[in-house]
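J.:
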Amino acid sequence: MQEDGSAPRFSLAGVLHMAVGSGREPSRPVHAINFAGKRIDGPLRIFIAHTSNAFLAFRTSLEEKGERRQLISRVSKLYRSALAQLNESRASEGAPSYVFRAVESVWQLCEILIIDPQATPGVLIQQLQQWAAAWSSSSSVKLSPKSTPDSDEDDNESFWDNFMILIMLGQIEDACVLLRSHKSGSREDFLLMTKVLRSMPVLGQGIHLYFLNQWTEWQDTVRQLVEEGRFEEEPRFHSACRLLSGDSAELDRRKRLCDSWFQFVVTKAAYSQPLLKVGDLGKLADEALKVAAVADRLGLPEAALAIYRTQSVHWLKQDKLDSALTWAIRSRNSPLVSRVAELVLEDYLRSGRLSCADHLRGLGQEMLVSERLMFLAKYAEFLRLRDENCKDAESENLDGAAQAAGLLLFLINSEWSPNFFVARLLEDAVQLLADDRLPPQNIAHLQRLMACLQNAVKARPNELKKDLLDKLNFACAKRTAQSLLSFMQLPIESVVPMN
20 MQEDGSAPRF SLAGVLHMAV GSGREPSRPV HAINFAGKRI DGPLRIFIAH
70 TSNAFLAFRT SLEEKGERRQ LISRVSKLYR SALAQLNESR ASEGAPSYVF
120 RAVESVWQLC EILIIDPQAT PGVLIQQLQQ WAAAWSSSSS VKLSPKSTPD
170 SDEDDNESFW DNFMILIMLG QIEDACVLLR SHKSGSREDF LLMTKVLRSM
220 PVLGQGIHLY FLNQWTEWQD TVRQLVEEGR FEEEPRFHSA CRLLSGDSAE
270 LDRRKRLCDS WFQFVVTKAA YSQPLLKVGD LGKLADEALK VAAVADRLGL
320 PEAALAIYRT QSVHWLKQDK LDSALTWAIR SRNSPLVSRV AELVLEDYLR
370 SGRLSCADHL RGLGQEMLVS ERLMFLAKYA EFLRLRDENC KDAESENLDG
420 AAQAAGLLLF LINSEWSPNF FVARLLEDAV QLLADDRLPP QNIAHLQRLM
470 ACLQNAVKAR PNELKKDLLD KLNFACAKRT AQSLLSFMQL PIESVVPMN
């Protein structure tokens, strides 16, 4: 309560009265310190209250006799339920909830792998598939069979992408429903594909060896259908059957449909090792880490770094760039890290997706190993800021959009990028400079951007398209005029808008 008797506003702290006293004299207040705290929205207050009650109940239950693992699992589900309720409430109010969704996703994964692991073979794959589907960045509408396109759009690419995504996430029944909704759903190859999907063995309560034999026979049957050319009329079914049979090359071709590295890993494990257990995860990585730890203990750091380099090259040969980058960073080998980072950038230019964005977000001083790695990490941060703040015209997003623009200018001026990526940076600059919602840029930044443009034209005159250069010249000229007018306190509306 405040001194006037009124209730304090919702904040992290109210007023703290400090008192001093000595001997038998009663203490008397000498200071009243006010803590300035930001207001907490309603859903977050409810979340704090729920988790506080869960913690108090957990502390009380620890004093009672019982199975501690079951208690931890039960309390963990209470915490995750509170997180889910918080995310739903914030989403309904349009408030950003990326951090809380990420926490809930990691929490659920920890429940599967650490807090409450299931020893039964095969259960892990089912849990990981459900987890990957729940936290896929694809919207539920995209993956739902109810979102089937109209009959005149059945042959578009999005329909077949949805079909493949459902298979990769293990949602076989939804994939069958999607096929039946197609205008050619009664065709022979459609019916055969549906039969193949429905005949997939399902892990039950029986003997696991019996299920494994069934699974092997089913995959052999699927391979035979592919070899016999039963799906020549529809090559997409041919690709789906190769994926179902555990073909690694086909999965690599379809990895663009995976929203993240963990969805790719779960899909590959589901069709190659259906009885995977928690203890099998990361087996090879653990062995390599053990050998590296022994080398460090024996005073052989170079041996440990050599193991990391070997692992990086191994994953690089298999075109697993995210894993290759992880091991390369561990090796602290600057040329290797730079090479892998450049390959990641080349893959981004081809696919439009940064394969290891999640890992790059958590880098600290490790990014100092290589200038290419620093550029890659900062560019990943730029993409995140741009996607979060430059997709709509909401006023509250302007600060983030300006931050993204400033980071892009920093990347262009830093000259950390490889030569083949300069054109992409300039394209990003055109998009941001053409956004009239952004405040006028610093004139010095614009001058450095123009200087960078001139240097790029001199160094690679044949690599930069004329229309890109014209757009960038016009955007820079307009922004320079806006900055001058803003400095002179003249109305910016007098500037001719971009077409």
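Be aware that the sequence shown starts at 20, since it is given in the working numbering, and climbs by one per residue.
Glycine included, every Cβ here is placed at the ideal spot set by N, Cα and C.
Report back the beta-carbon spacing between L132 and V332 to the nearest angstrom; my notes put them in contact at under 8 Å.
T.: Not really, about 28 Å apart at Cβ, beyond 8 Å.
J.: So for L295, helix, strand or coil by DSSP?
T.: Here L295 sits in coil by DSSP.
J.: Since V285 and Q148 should fall inside the 8 Å C-beta cutoff, what is the C-beta to C-beta distance between them, to a whole number of angstroms?
T.: Rounded, the Cβ-Cβ distance is 6 Å, consistent with contact.
J.: Alpha carbon to alpha carbon, what distance is there between L75 and F182?
T.: So the two alpha carbons sit approximately 46 Å from each other.
J.: So is N352 buried or exposed if we call it buried at 16+ other beta carbons inside 10 Å?
T.: Buried, since its Cβ has 16 or more Cβ neighbours within 10 Å.
J.: Taking 9 Å as the threshold (C-beta atoms), are V363 and L373 in contact?
T.: Closer than 9 Å, so yes.
J.: Less than 9 Å between the C-beta atoms of P293 and G113, yes or no?
T.: Not in contact: P293 and G113 (Cβ atoms no closer than 9 Å).
J.: Can you have a look at R139 and say buried or exposed, based on whether 16 or more other CB atoms are within 10 angstroms of its CB?
T.: Reading off the sequence, residue 139 comes out as Thr, not Arg. T139 should be labelled exposed.
J.: Closest to S279 by C-alpha separation, out of L379, E269 and R199, would be which residue?
T.: With distances taken between Cα atoms, S279 lies closest to L379.
J.: If you draw a straight line from the alpha carbon of R275 to that of T79, how long is it in whole angstroms?
T.: Whole-angstrom Cα-Cα distance: 49 Å.
J.: CA-CA distance, A68 and C129?
T.: Going from the Cα of A68 to the Cα of C129 covers about 23 Å.
J.: Buried or exposed for A55, please, with buried defined as at least 16 other CB atoms from any protein chain shown within 10 angstroms of its CB.
T.: Note that A55 scores 46 on pLDDT, short of 50, meaning its location in the model is unreliable; the coordinates nonetheless yield the value given after this. With fewer than 16 other Cβ atoms within 10 Å, it is exposed.
J.: Could you work out which residue in D180, L262 and F440 is closest to V241 when comparing CA atoms only?
T.: Of the candidates D180, L262 and F440, the one whose C-alpha sits nearest the C-alpha of V241 is L262.
J.: With a threshold of 8 Å, are at least 3 pairs of Cβ atoms found where one atom belongs to the segment 213 to 226 and the other to the segment 189 to 201?
T.: Yes: at least three Cβ pairs fall under 8 Å.
J.: Label N106 either buried or exposed according to how many other C-beta atoms from any shown protein chain fall within 10 Å of its C-beta, with 16 as the threshold for buried.
T.: By the 10 Å Cβ count, N106 comes out buried.
J.: Let me check understanding here. Comparing Cα to Cα, which of A423, V388, S389 and E385 lies closest to A399?
T.: Among A423, V388, S389 and E385, the Cα nearest to that of A399 is on A423.
J.: For R443 and D341, what's the separation of their Cα atoms in angstroms?
T.: Using only the alpha carbons, I get a separation of about 21 Å.
J.: Helix, strand or coil, according to DSSP, for D377 in the structure here?
T.: Helix.
J.: Specify the secondary structure class of R369 as computed by DSSP and reduced to three states.
T.: Looking at R369 - three-state DSSP - the assignment turns out to be helix.
J.: Among A323, E269, L402 and I65, whose alpha-carbon lies nearest the alpha-carbon of G371?
T.: Nearest option by C-alpha distance: L402.
J.: Just to check my reading of the structure: L250 and D299 have Cβ atoms closer than 8 Å, yes? What is that Cβ distance to the nearest angstrom?
T.: Note that residue 250 is Phe in the sequence shown here, rather than Leu. Their Cβ separation, rounded to whole angstroms, is 33 Å, which puts F250 and D299 out of contact at 8 Å.
J.: Hey, which unbroken runs of the beta strand (DSSP E) at 3 residues or more fall wholly within the segment 173 to 213?
T.: With a minimum length of 3 residues, no continuous beta strand (DSSP E) run stays inside the segment 173 to 213.
J.: Taking the alpha carbon of L451 as the point to measure from, which residue in L427, K397, Q384 and P136 has its own alpha carbon closest?
T.: It is L427.
J.: For R43, collect the residues of the same chain with a Cβ closer than 6 Å to its Cβ; drop the 5 residues on either side in sequence, then sort them by chain order.
T.: Here the model assigns R43 a pLDDT of 48, short of 50, so the residue's position is not dependable, and the following value carries that caveat. Around R43: no qualifying Cβ.
J.: My assumption, with CB atoms under 8 Å, is that A151 sits in contact with F281. Please give the rounded CB distance.
T.: Contact holds; Cβ gap of about 6 Å.
J.: Leaving out five residues on either side along the sequence, give the residues of the same chain with a beta carbon under 6 Å from the beta carbon of M386.
T.: L392, M393 and A396.
J.: Name the two residues that bound the continuous alpha helix (DSSP H) containing I65.
T.: Unbroken alpha helix (DSSP H) run through I65: G61 to L81.
J.: Output the distance between the C-alpha atoms of E246 and A259, rounded to the nearest integer angstrom.
T.: The straight-line gap from Cα to Cα measures roughly 13 Å.
J.: With a Cβ-Cβ cutoff of 9 Å, do S291 and L324 count as a contact?
T.: No, the pair does not count as a contact, with Cβ atoms beyond the cut-off.
J.: Figure out for me which residue from L295, R217 and Q243 has the closest Cα to the Cα of L228.
T.: Among L295, R217 and Q243, the Cα nearest to that of L228 is on L295.
J.: Using 9 Å as the limit for Cβ to Cβ distance, is D193 near chain C?
T.: Protein chains in the displayed structure number just one, and chain C is not present.
J.: Identify whether E400 lies in helix, strand or coil by the three-state DSSP scheme.
T.: Note: E400 maps to helix in three-state DSSP.
J.: CA-CA distance, G265 and M187?
T.: Approximately 11 Å between the Cα atoms of the pair.
J.: Quick one: what does DSSP say Q137 is sitting in, helix, strand or coil?
T.: Residue state, collapsed to three classes: coil.
J.: Ordered along the chain, which non-local residues of its own chain (more than five positions away) have a Cβ less than 8 Å from that of E413?
T.: Bear in mind that the predicted position of E413 carries a pLDDT of just 49, short of 50, making it unreliable; the figure below should be weighed with that in mind. Answer for E413: no residue qualifies.
J.: Short check: CB of Y327 to CB of A347, under 9 Å?
T.: Yes.
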